[in-house]
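Novice:
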Amino acid sequence: MSERQFFETKARTQVRDAIVAVEAQTSAELVVAVRRQASAYPHVDVAAGSLAGFAALLLLLFLPWDFAVRWMPAEVLVAFVLGFAISSGFWAPKRWLVRNKSLHEATWRTACTTFHEKGVSRTSGRNGVLVLVSMLERRVQVVTDIGIDTEALGPGWKDAVDKMSAAVRTADLEGFIGALAALGPVLGAAMPRAEDDVNELPDEPDVS
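With our numbering, letter number 50 in the sequence shown gets 46, and the count goes up by one each step, no holes.
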């Protein structure tokens, strides 16, 4: 499945509807943010360009063809730029070249930053939940405010988070929506919605 579907209008509507359904069951405030990538990983682009340039140099030196030596630097530079551009324009090479630890750290930093930027930490009950989806890394990070004890939510919480993560790893939008909706009963059991509950955060997913 394609990552692009997560950025389409239909997906935004489905995510919004899932958020509304979750918040109909609980006083918790749910925000979903979808990002193309958590980091640009420029070192990977430089490494890819350097590898392409080195490969071009080896070809020029050892393959049995004639070439003008004066053009060698330019040809190596072109190979570097091509390798850099390919790495910059495609996600797959970065998934292969960046360590899992670095992918995790980048998405977690982005999640924590988004948590504060989007006001998830400023609800009256300190019961905000941010679900960050980062498509380059194919990862989900969930950040909760201090009013939510995830340990007390039981196995249903971990199961829903694990299913969201598994769905994003395979770019399964429907699976992600289903797992997101499963947060409703889990949060509702611990923090049921009050009759005078006020929706403090937007239901529309933040996509960029």
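Backbone N, C-alpha and C fix where the C-beta goes; we use that ideal spot for every residue, glycine too. Quick caveat: nothing in here was measured; it's all calculated off a predicted structure.
1) Taking 6 Å as the limit between beta carbons, can you name the residues of its chain near residue 143, skipping five residues before and five after?
2) Below 8 Å between beta carbons: does that hold for residue -1 and residue 167?
3) Residue 94 to residue 21, Cα distance in whole Å?
4) Could you tell me the distance, in whole angstroms, from the CA atom of residue 169 to the CA atom of residue 57?
5) Would you grab the beta carbon distance between residue 78 and residue 51 for me? Rounded to a whole angstrom, and I think it's under 8 Å.
6) Based on the DSSP secondary-structure assignment, which residues constitute the bridge partners of residue 21?
7) Could you tell me whether the segment 147 to 154 touches the segment 102 to 121, where touching means 3 or more Cβ pairs closer than 8 Å?
8) Are there 16 or more other CB atoms within 10 angstroms of the CB of residue 111, so buried, or fewer, so exposed?
9) Hey, quick one: how far does the beta strand (DSSP E) through residue 126 stretch, first residue to last?
10) The beta strand (DSSP E) with residue 138 in it runs from where to where?
Specialist: The structure says:
1) Taken in chain order, the residues that qualify are 121, 122, 123.
2) Taking 8 Å as the Cβ cut-off, residue -1 and residue 167 qualify as a contacting pair.
3) Residue 94 and residue 21: Cα-Cα distance of roughly 39 Å.
4) Rounded to whole angstroms, residue 169 to residue 57 spans 49 Å at the Cα level.
5) Contact between residue 78 and residue 51 is absent: CB atoms are separated by about 11 Å, not below the 8 Å threshold.
6) Per DSSP, residue 21 has no beta-bridge partner at all.
7) No contact exists between the segment 147 to 154 and the segment 102 to 121.
8) By the C-beta density criterion, residue 111 is buried, having at least 16 other C-beta atoms within 10 angstroms.
9) Annotation: the continuous beta strand (DSSP E) that includes residue 126 extends over 124 to 130.
10) Note, residue 138: beta strand (DSSP E), 135 to 140.
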